[in-house]
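Colleague: Numbering (this note's numbering), first residue to last: 4 to 281.
Virtual Cβ for every residue (Gly too), placed ideally from N, Cα, C.
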């Protein structure tokens, strides 16, 4: 609605324009390049790769590793119920809009340069994760529960697993349609669902302990949901966290300019101390 969008645009656009003008187009493009390549690879390129040129799907390694832990994805869902499935479905439903809320907050608490650095870290993590998924395709728990160690076919469409029960309960086909359009059905390892909120909690920028705690709690919620819904193995979740840490280690360190900017922000927020008596 215009009455909501116009005030936001009037506030943000002049500030973005004044800050972006100090950065070269080359600098901006460089930081968005991994993100662009990831999106193109995932949504435009991979679907055109013939099935016979794709690697065989590994349907045995991850289940055998998880068997050593007695299959963690089964710990909580011996008797799945709609209320619990709905609780697990929520973070999966809002997953893709997480950055829509995170990026403006990052913009308001740090510099535009740091936002671009986050884009570099975020894009690099997703690009590396998808490359791993494409060169080493792995079957998720829902496949194992339905087909065991049977060889997987790329003709198989995505499966919402327990989220199907939400569709049945609400008399819709929302999750069935969503997962049937998945470009990478056998991309269990690593879990980028698990990596996103963890990266946002760990990315260095001015933040309160409360914000960090809430983001880590949300990340734990996503990790549990990934297992409960049979979308990922525990190994996938750990690999996603490791992918986030790798991207942070390579591209996430604040520069001296960031430190100087943050110091200025902190100085403005500190209360003015009264002058000492003569």
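(1) Hey, could you find the ends of the alpha helix (DSSP H) residue 121 is sitting in?
(2) Could you pull the DSSP bridge partners for residue 61 from this structure?
(3) Leaving out the 5 sequence neighbours to the left and right, which residues in its chain are closer than 7 Å to residue 152 when beta-carbon positions are compared?
(4) Count the other CB atoms within 10 Å of the CB of residue 183; is the residue buried (16 or more) or exposed (fewer)?
(5) Is the stretch 199 to 217 touching the stretch 160 to 169, taking contact as three or more C-beta pairs under 8 Å?
(6) Whose C-beta lies closer than 6 Å to the C-beta of residue 136 among residues of the same chain, with five residues either side of it excluded?
(7) So, with DSSP's three-state summary, where would you put residue 255?
(8) Give every residue of the same chain whose Cβ lies closer than 6 Å to the Cβ of residue 94, excluding the five residues on either side of it in the sequence, and list them in chain order.
(9) Leaving out five residues on either side along the sequence, give the residues of the same chain with a beta carbon under 6 Å from the beta carbon of residue 299.
(10) Between the alpha carbons of residue 249 and residue 128, how many angstroms are there, rounded?
(11) Closest to residue 140 by C-alpha separation, out of 108, 38, 65, would be which residue?
(12) Alpha carbon to alpha carbon, how far is residue 27 from residue 86?
(13) Would you mind reading off the limits of the alpha helix (DSSP H) that contains residue 80?
Modeller: Taking the definition as stated:
(1) What you label residue 121 is simply residue 118 of the chain shown in a count that begins at 1. First-last of the alpha helix (DSSP H) with residue 121: 115 to 138.
(2) Here residue 61 corresponds to residue number 58 of the chain shown, with the count starting at 1. Per DSSP, 141.
(3) As a first step, residue 152 is located in the chain shown; it is residue number 149 there, counting from the start. The beta carbon of residue 152 sits closer than 7 Å to those of 62, 63, all from its chain and outside the five residues before and after it, given in chain order.
(4) The count along the chain shown starts at 1 and reaches residue 183 at position 180. Exposed: under 16 other Cβ atoms inside 10 Å.
(5) With a cut-off of 8 Å, the stretch 160 to 169 and the stretch 199 to 217 do not count as touching, because too few Cβ pairs lie within range.
(6) In the chain shown, residue 136 corresponds to position 133, counting from 1. Cβ within range, chain order: 187, 190.
(7) Counting from 1 along the chain shown, the entry for residue 255 is found at position 252. Of the three classes helix, strand and coil, the one that applies to residue 255 here is coil, per DSSP.
(8) Looking up residue 94 in the chain shown gives position 91. If we look at residue 94 and ignore the five residues flanking it on each side, its Cβ neighbours are 224, 225, 228.
(9) Residue numbering for the chain in the displayed model covers 4 to 281; residue 299 lies beyond these limits and cannot be assessed.
(10) For the purposes of this step, residue 249 is identified with residue 246 of the chain shown, where counting begins at 1. For the purposes of this step, residue 128 is identified with residue 125 of the chain shown, where counting begins at 1. Rounded to whole angstroms, residue 249 and residue 128 show a C-alpha spacing of 8 Å.
(11) By 1-based counting over the chain shown, the position of residue 140 is 137. The option with the nearest alpha carbon to residue 140 is 65.
(12) Position 24 of the chain shown holds residue 27. Position 83 of the chain shown holds residue 86. Looking at the two C-alpha atoms, the distance is approximately 50 Å.
(13) Locating residue 80 in the chain shown gives position 77, where the first residue counts as 1. Neither: residue 80 is in no alpha helix (DSSP H) and is coded neither H nor E.
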